[in-house]
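Numbering (this note's numbering), first residue to last: 2 to 685. Glycine residues also receive a C-beta, built at the ideal position from the N, C-alpha and C atoms. Accompanying notes for the structure given below.
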Ligand code: GLA
Ligand code: ZN
């Protein structure tokens with residue numbers, strides 16, 4: 002598929018603007034405030050289905066004509082929503098098939114949003130029809146910078162139509178019932194299927210026990226895949242309707258970072274640009290947000306993404322909605338850019354006068370004033386973005402380290418009952434990512450279909466599912482000189498969550514040179530120790546799971562310190578071809594992980610961007626036609642100083658020259674446009 006990227010002459014700045022909630026004079030006021038704040042891209046029409054289409058055969062584009070005309074006359078552009086994210090009342094009433102059935106089997110009624118069944122014939126008729134009409138009407142206009150299909154696709158439906166579509170999906174995947182029954186190990190508890198029509202959607206009426214565990218994991222895992230595909234299918238219907246009218250249109254939808262129900266890797270080929278909504282809770286570590294940005298960047302092999310939404314100040318859907326402290330919105334905006342964002346956008350431009358988002362932060366608050374902290378901060382950032390212009394646009398974030406992130410593995414490992422209820426895929430992957438990131442290493446997140454060729458280190462934890470070809474790919478990576486770390490529960494099951502013959506690490510057994518005899522699972526609060534050996538040094542705490550490794554052909558580099566398995570292996574390395582295959586059998590604490598990943602990077606000859614990066618400081622680097630840019634972000638409330646050997650350039654935000662030693666004020670940001678380097682920039 003050809004890539005159709007939206008084009009901008011500077012980094013777009015703006016957000017969701019819902020003028021349908023106000024009278025016309027307010028729109029003029031809004032637009033003049035946007036001008037004051039340097040805002041130039043507005044997401045419009047996101048929730049306007051009913052006014053655009055008040056009946057089955059009636060359409061009315063008058064208001065949208067007016068909105069787009071107003072933006073155009075002020076030199077602003079639109080990220081044009083297709084408006085289909087909330088089912089109109091008339092549609093839900095006349096065509097109840099458009100509504101979803103939930104996990105408890107209840108058919109939903111009109112109200113709310115993100116509520117259409119992806120397999121409803123009504124939805125599949127009306128949604129693309131509207132998208133096509135919008136494209137026909139506005140497609141040729143420069144004011145439309147890109148297309149925003151629906152909004153935050155997500156959730157699931159369990160209606161009879163989805164169930165029927167699931168059966169077809171399974172027929173495609175397995176061809177025969179024998180293959181399906183084998184893949185699911187359906188002989189267990191007499192779950193064997195004897196005719197395709199007997200297959201039911203897995204929910205709380207049958208196998209599902211709440212959100213987490215299920216009695217038949219193969220079935221649940223396949224439904225998770227199917228529903229992600231079904232929602233993607235709904236997105237594609239609208240995207241195709243737009244492209245049928247305007248083949249060059251840039252089309253996307255807003256993703257949600259580490260959102261469990263959708264396998265965004267499967268979505269990425271159908272998005273012209275990845276766009277996502279970042280809402281860190283105040284308790285999220287900056288590295289957690291960094292991981293989400295990295296994941297979004299990695300979906301399209303490093304292509305820049307759009308920060309489509311963030312709140313300028315406060316959220317409304319957390320239990321306690323703290324204000325973003327002064328400087329935090331700016332810092333988080335630059336953090337997105339540092340990780341590859343080419344747009345900074347907000348939700349919402351003007352705060353709703355009523356309904357459930359009236360307490361959600363906005364650029365323009367209910368008081369409508371500009372002499373406020375939030376408006377000032379928004380306008381200051383607008384001025385900075387104008388000042389840096391287009392110089393960073395299109396630049397990449399090169400990395401030599403990759404961490405494995407795979408949705409089906411996430412689903413499967415959490416679908417299981419046992420070995421521990423405390424297992425959270427994101428916690429483990431985030432800890433591993435953080436160990437690299439906190440030490441200044443540039444990291445990508447990769448999945449089974451990605452090319453590993455550009456990486457020198459590929460580290461994983463909970464690489465629980467090995468799809469066909471993954472073991473061969475990892476083996477080739479190691480034999481070609483890469484360093485691979487297999488963490489907890491590596492290589493347990495195949496794509497249908499059927500355990501590999503011989504147990505873990507399944508097809509990676511030869512590469513790793515170990516097998517797993519048993520896995521101890523102890524409650525939170527119980528720890529053991531990992532005693533590192535050889536060139537590695539130190540004793541670190543470990544928790545959660547404690548694999549009993551049996552070494553066949555590997556070097557022993559760490560042992561347990563306590564319990565009946567004290568002295569037995571927990572960390573091993575096997576040399577294979579030109580590379581190394583490591584296995585870690587537990588959840589190591591942050592300090593231990595740092596030591597381990599630094600050792601792996603040293604072995605691979607991978608350098609951090611900044612040596613001895615102080616805690617709370619974040620560093621990334623982008624490279625492109627406009628030059629090389631080092632981003633330094635101070636996430637602490639104290640000022641901080643850091644030395645970057647060989648660095649010389651100009652801080653684009655302050656205009657100051659930079660020479661090796663950089664001072665950062667509390668929550669400060671430096672964007673250093675590097676002088677042309679003697680050292681070769683690494684091209685990707
Ligand atoms: C999401 C949605 C928006 C809004 C915000 C509130 O990102 O896309 O419509 O509800 O959350 O935080
Ligand atoms: Zn359905």
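| Asked | Found |
| --- | --- |
| Nonlocal neighbours in the same chain, by C-beta distance under 6 Å from residue 389, ignoring five residues either side | 653 |
| Residue 91 beta carbon less than 8 Å from that of residue 113 | no |
| Distance CB(residue 487)-CB(residue 501) smaller than 8 Å | no |
| For residue 570, three-class secondary structure by DSSP | strand |
| Cβ pair residue 525, residue 423 closer than 8 Å | yes |
| Pocket of the ligand ZN defined by Cβ to heavy atom distance under 7 Å | 101, 102, 118, 119, 120, 121, 158, 159, 160, 162, 163 |
| The ligand GLA heavy atom lying under 7 Å from the CB of residue 271 | no |
| Straight-line Cα distance separating residue 655 from residue 350 | 27 Å |
| Proximal residues to residue 577 (C-beta, below 7 Å), its chain only, five neighbours per side dropped | 479, 480, 512 |
| Residue of 138, 59, 111 minimising C-alpha distance to residue 65 | 138 |
| Any alpha helix (DSSP H) of 4 or more consecutive residues that is wholly inside the stretch 330–402 | 374–389 |
| Element boundaries [alpha helix (DSSP H), containing residue 84] | It is not in any alpha helix (DSSP H) - residue 84 carries neither H nor E in the DSSP assignment. |
| Assigned secondary structure, residue 275 (DSSP; H/G/I helix, E/B strand, else coil) | coil |
| Integer-rounded CB distance, given that residue 643 should sit under 8 Å from residue 672 | 14 Å between Cβ atoms; not a contact. |
| Which listed residue (610, 335, 419, 326) has its alpha carbon closest to that of residue 290 | 335 |
| Delimiting residues of the alpha helix (DSSP H) encompassing residue 167 | 161–175 |
| Near the ligand GLA: residue 294 beta-carbon under 7 Å from a heavy atom | no |
| Residue 498 and residue 82 closer than 8 Å at C-beta | no |
| Residue 277 versus residue 570: straight-line alpha-carbon distance, rounded | 42 Å |
| Residues near residue 662 in its chain [Cβ-Cβ closer than 7 Å; skip 5 each side] | 642, 644 |
| Buried versus exposed call for residue 2 [16 or more other C-beta atoms within 10 Å across all chains shown] | In this predicted model, residue 2 has a pLDDT of only 44, less than 50, meaning its place in the structure is not dependable enough to derive any value. |
| Residues near residue 20 by beta carbon distance below 6 Å, same chain, minus five either side | 28, 68 |
| Residue range of the beta strand (DSSP E) that includes residue 635 | 628–635 |
| Beta-carbon proximity check, residue 332 vs residue 12, cutoff 8 Å | no |
| Helix, strand or coil at residue 2 [DSSP, three-state] | Confidence at residue 2 is low in this model, with a pLDDT of 44, below 50, so its placement is unreliable and the value that follows should be read with caution. Coil at residue 2, not helix or strand. |
| Close beta carbons around residue 435, own chain, < 6 Å, minus the five adjacent residues each side | 288 |
| Beta-carbon spacing of residue 631, residue 548 below 8 Å | no |
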